Structure formats: structure tokens, C-alpha cells
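Engineer: Provided herewith is a single structure, encoded as C-alpha cells, for subsequent inquiry.
There are 2 protein chains.
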Amino acid sequence: MPNPTRYLNYHYPTTPKQKLLALAEWIPEDAEADHYGKGDTIQAFEAEIAALLGKESAVWFPSGTMVQQIALRMWCDRRDSHTVLYHPTSHLAIHEKDAYRVLHHLHAVHLGPKDGLFTLADLQAVLPTLSEPGGGLLIELPQREIGGQLPTWDELVQIVETAHAAGLYCHLDGARLWECGPYFSRPYAEIAALFDSVYVSLYKILNGISGAMLAGPADFIEESRIWQRRHGGNLPGMYPYVLAGKMGLEKHLPRIPEYVGKARGICDGLATIPGIVIVPNPPPTNMAHIHLKGEKEALLEAAKMVGEAMDMRLFGWLRDGIIPGYAAFELTIGEAALDIPTEEIIEAFRRVMAQG
Amino acid sequence: MPNPTRYLNYHYPTTPKQKLLALAEWIPEDAEADHYGKGDTIQAFEAEIAALLGKESAVWFPSGTMVQQIALRMWCDRRDSHTVLYHPTSHLAIHEKDAYRVLHHLHAVHLGPKDGLFTLADLQAVLPTLSEPGGGLLIELPQREIGGQLPTWDELVQIVETAHAAGLYCHLDGARLWECGPYFSRPYAEIAALFDSVYVSLYKILNGISGAMLAGPADFIEESRIWQRRHGGNLPGMYPYVLAGKMGLEKHLPRIPEYVGKARGICDGLATIPGIVIVPNPPPTNMAHIHLKGEKEALLEAAKMVGEAMDMRLFGWLRDGIIPGYAAFELTIGEAALDIPTEEIIEAFRRVMAQG
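Quick note, the sequences are listed as chains C and E, same order. So that you can map any letter, position 260 of the first sequence is 260 in this note's numbering, and since no number is skipped, the others follow by simple counting. With positions in the second sequence counted from 1, the corresponding number in this note's numbering is that position plus 1000.
Encoded structure:
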């Protein structure tokens, strides 16, 4: 059997040669190389992101890992604090080898349960227990590790107002902010306006290569450049990532509503299949965790066989789900799934569950 | 007058479009994208650099700034020390916003004068004065900010032996190590063998875009990956820099002797012109600081006029030299100067000095 040519998740895979060729062809002749962050191309893109997010200024960073610990460190410094608050599944909590603590001597207070959003009540309960005034509250929209859940707009506003009233700066982990547009049904600048600083990603759904932006007040962004240099992130040439991010923004940002709509349609259908549980259902963005009843190995084997028969790559890995007896994968809809009729996807999963 | 098409310094300038097009065309069809540092392409290149430097292992990093503070931090941790030693013009001392101190709580002891190499005697004088056992000694070969000076092989060996005997780890700042091959007239692995860890750059003379490698013992390199993650340097896709570095190594490493030879020829000629002082003379690598007697503005204007008349970009900036009444620029010879007869370069500077 040949490898599938249709993909459920994300965008079509590309090799480095294909990706850089497409990028090179797209790049305008007059685009200038940046030099340690200076140059028309990078600065114009930073200004574009700042405008899109309604902030005074923005700066490109190589990674979200670099940008978020720096943002929280700077907000803490302004409060002479070391305390930051975030969800226990935050990227800082589980993917960064405790950098916030080891490099920046911050102390983290976790808000809410591992398998659900933190609420206004969670924040209100924690605030009186802080041993020093807190510096920064990080809110991730959507909360990726729990399937991309989102609070209601009203709850979000109340959380931010409560945090601000308690003297906390609010930082938005917008790794998947682009994907939240349809749910909140507001311009990105209106969502970002709640926050003192905003991180957005330039790959993931934008299909860039790597890279991030930090947006916020001009003096804050200027100071972050010093920390970027300290972290070793102020590179002599960032244009491959900058331009790939810009190309991705042009191509994919207008299509986010399609991706979200497709994800909802798929999840509606999958939810009717016995043995499938979707978290969250309905998905507010283009992602969800799909929990499948059965053994990992059998499910993976079934997905492979069905995928080959129906020319469809479904999922290539599974992790223990939060439901006993289930395994789960992360569904993220990009342009690839748009080329597969939703009924065919549902039928594929029906067969997987019959075999797996 | 049209802009010059011939360049004294480095390689021919390219736009992002030209650079990425050339890179994409060079990339083999089967080159795989890396994913957070994993993947055949990046790992094979890391192994190639490790072998070239005679070390067990190597790891790609986005920047030398990131890699060197991490290397020194790790060596210090192994000695339960915070003390590092380096030249006062080290990159860590002047270009990194005190990251070694702010992020890693290291304490720096400077060795030698600002305008010359540190010597074995400087090291011997400092060792008894350390308030705690030192962790790491950083040696930059060549010492860039003083024109690319190099110690003799024998002095270098004695310095490293003395440091090791005192319990210091020795780290090589090899930002321009590739350029040292002809001077030491030894394989890179033999130079690197003196050191416990080695940083090399993948852009500069290699004409990559950004990026570096750290080479050393396998356990040390493995641990550095944790710090890379903490710094935000473990990117989801590093292949543009990795492949540009690999392409540059193939193209430029064999040509280093030509670049060094050309630099020596040019400096021999320039040294005969009244009002020009070369540091160091003769240059041991492909670089030197060229000090020109006169006023900055007049010299820049003369360089522009002569450059236009002779179709040659000579220098576009000058800084105050270490000699009163002189201004200086950094000469670095790459492939571009090979296309200009040395006599024409000398003649151009003769005219500049007559006008400037």
C-alpha cells in the first residue's frame, strides 16, 4: 500500500527543500535581510503584528519559550515580585525545564485543575494566599493541553479585571490566539486589549518554521530586546523565520474560520460514534482531544490499515487519555483536512473503532 | 556613479530571496526537517562537526551568545564554582548585556590588557587571587576585538595546561576557529583537543545565516540540550540555519587558506603606505584591524569616491582606533576580495590616504 496522500491534521507536510523553495519564490525581490533585529523587512512585520494586536510595539523572538519567561520576568521586576500565576498545564510548567525558576528565579503558583480551565473563583481563592504581591498572571487562550478549552468572554474579562485590581500584570499566551477569532467573534486587537502583553506564534497554524512575536507597550518591548540578547535570541539573521511567518499569516489567517468550521463538523460527526469522546465538545477552536476507547497498539494499527485503504493519514501517535480505557490524540485542523469530505473522515473513524 | 560591484570584505552580499533560493536549490531532495533538534539532517551535521573537531558529540544552537554562557555555566556547576576567566574584550564581556551574570550568576575575572592577548604570565598572576576555585577559562581564537591576534601554539598549550592543573575547565570560543587553520597548521581536531568544549560559528566566514555548534563530551552536550530548552533555543524547526551552515562549510572551509593568503598579501601592501598601521601585522588569519591616519568623515568620503571610481567597496564605517589621530576598520577577507587584484586594492588605499 502506498503512503496516504490525504492528511487529517494540520497542513500538508513539506520537505525543507520544498518549504524553502516556496518561501524563496514568495519573497519580494526588495525584501532586506535583518541584522540583529534591525532592517526594514523585520521591522515592518513587527509593526504589522503590533497593529493587528492593537499594541504600541512588537518584537520578533525565536521561540515562545524565550519570550514568555522574559515577559513574566519583566512584569515581575516592575512589581519587585517573583511570583507568577498560571494553569498547571502551561507551557512554562511542563515544557521548559523550569527555566522560569532556574534562569529568572520566579516562583509559580498554579491556578485551577489539570483537566479543566481555571476560573474566576480559582483566582479569587489564590490571591489572598500569595506570600508576596504577584507580578504576572499568564492566561493561555486556548488552553492547549486540555484540548483547547476557552473561557467565555465575560469570565475572561472578569478574570483579567480581578487580576489587575490585585496589582497583577496580565500576559496572554497566544500560541493559538489566531485560532480563537471565530469563538470570541471579536477583532484580535479587542482580545489583546485585555492584556498588558501578548505572545503569538508564527508557526503552528500559520505554517511558518519557528518564531514568535511579543507585543505590548513600547518601553516594555524595548526592554525585552535586552533580555532577548541575554538569552542568545538576538540573531544576526532572522529573515527565514520572519518571512515564513509573514507568508503564513497572509495565507492562513483569513482561513481560520474554515479550519474552525471544519473541526466542528468533524467533531459533530465523531461524537456520534460509540467509543469516541471529544474534549472539548463542541470545540471552540480548530482543535480538540479525541479520546478513543481501546488499546493504543490496536488503535494505531487500525488507523494505519484504514488510513491506507481510504488514503487518509488519521493519527500516528496516541497518549493515555484522561478517561480510563481510552487513548487520545490531538486533532488540529488546517488546510489538509479541507480536501477530505467530512463524511469520509467520520466513516474512517467508524472503521477504526470497529477494528481497534 | 553606480554602486560598486566589487567588495573588499567578506562575501558578496545577497538578498533574502537570493540567499534562500540558492539554499533551496542546494538542499538534497531527501533532507528531512528537524523537530526540536531531532531528525537525520541535523543529527548528521552535528556528528560531522563533532568528528571534524575530534569531540564525542556536538549540538546545534541558534547563537554563540546562547552557547557560551551555557557552556561556562555547566563547567562551573561541575566545580561548584561561579568564577569564569576571559579576556576583557570577550563577546561575553562586551556584547551580551551581562547575561553570564544576570541569567547564570557567574562572576567574571578578566585576563590581560584590552589591546593585547593575555599571556601565560597573566593567567599565573590571576590564579592565586581567585576568591573561589575557578570553573571555566574561555579562550577566543583568534581574539577578534584586537584584530584577530593569536598566541603561539606553545604558549596556548602552556596556558591550557596551567589552567587544567589549577582545576579549570577550558572552553574554546571558536567564533573564528575555521580561520585559524593555516596559522596553527594543524587539523582542527588537534586544536580542539586542548579544550574541554568548543564553540564554532556557522555563519561569518562560512556565510551561513545564523547558528553555532557546541562540541564536547557526550554527557556535557546532552546536558547542554536542557539549557538550550531553558534559553528558548530548542526550536521546532532549525533546518534553514542548519542547512545554510552545512552548505557554507562545504563551500568555504576548503578556501580558508586562500582567504588567509589574500589577507596577508593585502596587509603586506597596505603596510607600505604612509599613514596606515595594521594590527596584527602580519595577520595570522584572514582578518586585521586597519588603522588609517586622518579624520573619520574625510576618510569615509575618500573611500566612497575612490570606491566608485575603481568599482570597489572598501569600508563603510570607521571607529576610533587605539592610535591617537587614527580611525580603524575591521578587514575580513572572504571570497569577494579574491576577485580583485591585490595591486588594485593597494592602489585604492593609496588614493584614499592621499585624499582622506
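For glycine and all other residues, C-beta sits at the position ideal for the given N, C-alpha and C. Because the structure is a prediction, the values reported are computed rather than measured.
Which chain E residues are close to C:A33, counting only those with a beta carbon under 9 Å from its beta carbon?
Structural biologist: Chain E residues near C:A33: P1013, T1014, T1015, P1016, K1019 and I1209.
Engineer: Against chain E, does C:H291 count as a neighbour if the rule is that its beta carbon must be under 7 Å from one of theirs?
Structural biologist: Taking Cβ atoms only, chain E never reaches closer than 7 Å to C:H291, which makes this a no.
Engineer: Figure out for me which residue from E:F1118, E:D1030 and E:H1110 has the closest Cα to the Cα of E:L1130.
Structural biologist: Comparing Cα positions, the closest option is E:H1110.
Engineer: Starting from C:G237, find everything on chain E with Cβ-Cβ shorter than 8 Å and list it in chain order.
Structural biologist: Near C:G237 (Cβ distances below 8 Å), the residues of chain E are Y1203, I1209 and S1210.
Engineer: Taking beta-carbon pairs under 7 Å, can you tell me which members of the stretch 87 to 119 of chain C lie near chain E?
Structural biologist: Within the stretch 87 to 119 of chain C, the qualifying residues are E96, K97, A99, V102 and L103.
Engineer: Inspect the beta-carbon positions of E:A1024 and C:L235 and report whether they are closer than 7 Å.
Structural biologist: No, the pair does not count as a contact, with Cβ atoms beyond the cut-off.
Engineer: Just the chain C side, please: which residues come within less than 9 Å of E:M1074 by C-beta, in chain order?
Structural biologist: Simply none; closest approach about 12 Å.
Engineer: Below 7 Å between beta carbons is the criterion; list the residues of the stretch 1170 to 1187 of chain E that meet it against any residue of chain C, in chain order.
Structural biologist: Per Cβ criterion, the list is empty.
Engineer: For the alpha helix (DSSP H) containing E:M1305, name the first residue and the last one.
Structural biologist: Its alpha helix (DSSP H) spans residues K1296 to M1310.
Engineer: Check each residue of the stretch 1243 to 1257 of chain E: if its Cβ is closer than 7 Å to any Cβ of chain C, include it; give the result in chain order.
Structural biologist: Answer set for the stretch 1243 to 1257 of chain E: L1243.
Engineer: Output, in sequence order along the chain, the residues in the stretch 59 to 72 of chain C whose CB is closer than 9 Å to any CB in chain E.
Structural biologist: If the cut-off is 9 Å between Cβ atoms, the stretch 59 to 72 of chain C has F61, P62, S63, G64, T65, M66, V67, Q68, Q69 and I70 near chain E.
Engineer: Give the interface partners of C:I226 over in chain E, defined as CB-CB distance under 9 Å, in chain order.
Structural biologist: Those are K1097, listed as they occur along chain E.
Engineer: Give me the Cα-Cα distance between E:H1091 and E:M1074, rounded to the nearest whole angstrom.
Structural biologist: Cα to Cα, the separation comes out at about 18 Å.
Engineer: Does DSSP classify C:F329 as helix, strand or coil?
Structural biologist: C:F329 falls in the strand class under three-state DSSP.
Engineer: Of all the alpha helix (DSSP H) runs that stay within the bounds of the stretch 1170 to 1212 of chain E, which reach a length of 4 or more residues?
Structural biologist: List check, alpha helix (DSSP H) in window: 1181 to 1184 and 1188 to 1192.
Engineer: Starting from the beta carbon of C:L23, find every residue of chain E whose beta carbon is closer than 7 Å, and list them in chain order.
Structural biologist: Under the 7 Å cutoff, chain E gives L1020.
Engineer: Please determine, among E:I1256, E:I1340 and E:D1311, the residue with the shortest C-alpha to C-alpha distance to E:I1266.
Structural biologist: Selected option, being the one with the closest Cα: E:I1340.
Engineer: Short check: CB of C:Y199 to CB of C:Q68, under 7 Å?
Structural biologist: Contact flag set, yes.
Engineer: Would you please verify whether the beta carbon of E:G1232 is less than 7 Å from any beta carbon of chain C?
Structural biologist: Closer than 7 Å: yes.
Engineer: Once you ignore the five residues that flank E:Y1326 on each side, which residues in its own chain have a CB closer than 7 Å to its CB?
Structural biologist: Same-chain partners within the cutoff: V1277, H1291, L1292 and K1293.
Engineer: Classify C:K204: buried if its beta carbon has 16 or more other beta carbons within 10 angstroms, exposed otherwise.
Structural biologist: Its Cβ being crowded by 16 or more others within 10 Å, C:K204 is buried.
Engineer: Any C-beta of chain E sitting closer than 7 Å to the C-beta of C:R319?
Structural biologist: Chain E contact via Cβ: absent.
Engineer: Taking the continuous beta strand (DSSP E) assigned at E:Y1086, which residues delimit it?
Structural biologist: First-last of the beta strand (DSSP E) with E:Y1086: T1083 to Y1086.
Engineer: Between E:G1211 and E:P1062, how many whole angstroms is the CB-CB distance? I'm expecting something under 8 Å.
Structural biologist: E:G1211 to E:P1062, Cβ: 6 Å. Contact.
Engineer: Would you list the one or two residues that DSSP bridges to E:F1061?
Structural biologist: Paired residue(s): E:A1212.
Engineer: Have a look at E:T1041, E:R1079 and E:D1115 and flag the residue whose alpha-carbon is nearest the alpha-carbon of E:Y1241.
Structural biologist: For the residues E:T1041, E:R1079 and E:D1115, the minimum Cα distance to E:Y1241 belongs to E:T1041.
Engineer: If the cut is a Cβ gap below 9 Å, which residues of chain E does C:I42 touch?
Structural biologist: Residues of chain E passing the Cβ test: none, with the nearest at roughly 10 Å.
Engineer: Excluding the five sequence neighbours on either side, which residues of its own chain have a C-beta within less than 6 Å of the C-beta of C:L249, listed in chain order?
Structural biologist: Correct list, in chain order: L206.
Engineer: Would you check if the stretch 128 to 144 of chain C and the stretch 81 to 101 of chain C touch, i.e. whether three or more CB-CB distances between them fall below 8 Å?
Structural biologist: Touching, per the Cβ criterion.
Engineer: Any beta-carbon of chain C closer than 7 Å to the one on E:R1313?
Structural biologist: By this cut-off, E:R1313 is not an interface position.
Engineer: Measuring straight from C-alpha to C-alpha, what distance separates C:A166 and C:E132?
Structural biologist: Distance between the alpha carbons of C:A166 and C:E132 is about 12 Å.
Engineer: Determine the burial state of C:E145: buried for a count of at least 16 other Cβ atoms within 10 Å of its Cβ, exposed for fewer.
Structural biologist: Buried, by the Cβ-count rule.
Engineer: Using the Cα positions of E:L1177 and C:I49, report the straight-line distance between them to the nearest angstrom.
Structural biologist: Taking the straight line from one Cα to the other gives about 39 Å.
Engineer: Would C:I333 and C:K262 be called neighbours here (beta carbons separated by less than 7 Å)?
Structural biologist: Yes, the Cβ-Cβ distance between C:I333 and C:K262 is below 7 Å.
Engineer: Does the separation of the CB atoms of E:Q1158 and E:L1117 fall below 7 Å?
Structural biologist: Contact flag unset, no.
Engineer: Which term fits E:P1324, buried or exposed, when burial requires 16 or more other beta carbons within 10 angstroms of its beta carbon?
Structural biologist: The residue in question, E:P1324, is exposed, as its Cβ has fewer than 16 Cβ neighbours within 10 Å.
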